[in-house]
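Note sheet for the following structure.
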Amino acid sequence: LEWDNILRKKYGIHVSGSHVPSPLQSFDELKTRYKCKSYLLRNFAELGYVEPTPIQRQAIPVLLSGREVFACAPTGSGKTLAFVCPILMKLKHGLKNAIRAVVLCPTRELAAQTTRECKKLAEGKKFYIKLMTKELARSADFSKLRCDILVSTPLRLEFAILKRKLDLSRVEFLVLDESDKLFELGFVEQIDFVVKACSNPSVVRSLFSATLPDTVEDLARTLMHDAVRIIVGRKNT
Ligand code: ADP
Ligand code: MG
Numbered sequence: 103l104e105w106d107n108i109l110r111k112k113y114g115i116h117v118s119g120s121h122v123p124s125p126l127q128s129f130d131e132l133k134t135r136y137k138c139k140s141y142l143l144r145n146f147a148e149l150g151y152v153e154p155t156p157i158q159r160q161a162i163p164v165l166l167s168g169r170e171v172f173a174c175a176p177t178g179s180g181k182t183l184a185f186v187c188p189i190l191m192k193l194k195h196g197l198k199n200a201i202r203a204v205v206l207c208p209t210r211e212l213a214a215q216t217t218r219e220c221k222k223l224a225e226g227k228k229f230y231i232k233l234m235t236k237e238l239a240r241s242a243d244f245s246k247l248r249c250d251i252l253v254s255t256p257l258r259l260e261f262a263i264l265k266r267k268l269d270l271s272r273v274e275f276l277v278l279d280e281s282d283k284l285f286e287l288g289f290v291e292q293i294d295f296v297v298k299a300c301s302n303p304s305v306v307r308s309l310f311s312a313t314l315p316d317t318v319e320d321l322a323r324t325l326m327h328d329a330v331r332i333i334v335g336r337k338n339t
């Protein structure tokens, strides 16, 4: 435990919460500690990711342990992989015909970018990763759609749930990405709606942000009860 804190200090990781799992020393530890499949480590290597970034070191083990996460780390610090990696490791594909992970992004560009990153990381495995495009929101038969991970902006997701009977009741992971921006853009109601739609009592919620305004802190408090709070670097940079 002392060693955990030495590592955290070294990487500028600040945590609060009870029983916080040890940070990763390397990507290889995903294999030794969590029996991560080789394809994922191969994909990391292929993408030139040699070492986990600080937020990845701490957020991945926390999400793998099934705990909720409230994470703040600067833009460009690798938050996408921090939530995609545990989702890929935890979702056993081929089990259910249901959407099992939802990533909410503030803008179409960010949603498209997150989808691309997600697909790169899942390369070689039969995961169905879908971006909620305008066409999909309007015309998909969601009862038949094969989709493990759905990435969307708030308005399109709300539309699909309300008007197109998109069922999120079996979602196991809900990620609110760039939640500071989600707020700035005024998506509070949609966030609330999506959170309610992901009605599975064992859904693991996580909140990622580049800054920590009070609005985000408040949201974290209302949405999560035993979350591990992870902050990399200083609060408002
Ligand atoms: P954030 O969401 O924190 O702004 P991103 O997840 O978009 O950051 O990642 C920023 C960039 O860093 C991306 O180009 C991504 O491919 C790259 N990246 C992610 N993880 C690593 C890593 N462990 N090593 C090197 N580069 C990484
Ligand atoms: Mg991001």
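Here the sequence shown stands for residues 103 to 339, numbered as in the UniProt record's numbering.
For glycine and all other residues, C-beta sits at the position ideal for the given N, C-alpha and C.
Subject >> Rounded straight-line distance, which links the Cα of alanine 147 to that of serine 140 >> reply: Their Cα atoms are separated by approximately 11 Å.
Original post:
What are the partner residues of cysteine 174, as DSSP defines its beta bridges?
Top reply: Per DSSP, Ser311 and Ile333.
Original post:
What first and last residue would you give for the alpha helix (DSSP H) that runs through residue 363?
Top reply: In this structure the chain extends from 103 to 339, so residue 363 is not present and cannot be described.
Subject >> Start-to-end residues for the beta strand (DSSP E) that takes in alanine 203 >> reply: 203-206
**OP:** Return the chain-ordered list of same chain residues with a C-beta closer than 7 Å to the C-beta of valine 117, the five sequence neighbours on each side being excluded.
**Re:** Arg110, Gln160, Val330, Arg331 and Ile332
Original post:
Taking DSSP as the reference, what is the three-state secondary structure of leucine 223?
Top reply: helix
Subject >> Pair within 8 Å by beta-carbon distance, glycine 180 and isoleucine 157 >> reply: yes
Subject >> Residue from Ser304, Asp269, Leu142 and Glu211 whose Cα sits closest to the Cα of valine 186 >> reply: Leu142
Subject >> Any non-hydrogen atom of the ligand ADP within 7 Å of glutamate 148 CB >> reply: no
Original post:
When we look at the beta-carbon of arginine 169 and count the other beta-carbons within 10 Å, is it buried (16 or more) or exposed?
Top reply: buried
Original post:
So what does serine 306 bridge to, in DSSP terms?
Top reply: According to the sequence as given, residue 306 is valine; it is not serine. BP columns for valine 306 point to Phe275.
Subject >> Distance between cysteine 249 and serine 120 (C-alpha atoms, nearest Å) >> reply: 34 Å
**OP:** Return helix, strand or coil for lysine 232, following the three-state DSSP convention.
**Re:** strand
Subject >> Heavy atoms of the ligand MG versus C-beta positions, residues under 6 Å >> reply: Lys181, Thr182, Asp279 and Glu280
**OP:** Measure the alpha-carbon distance for aspartate 269 versus valine 334 and round it to whole angstroms.
**Re:** 35 Å
Original post:
Can you tell which of Thr134, Tyr230 and Ser271 has the C-alpha that lies nearest to the C-alpha of isoleucine 251?
Top reply: Tyr230
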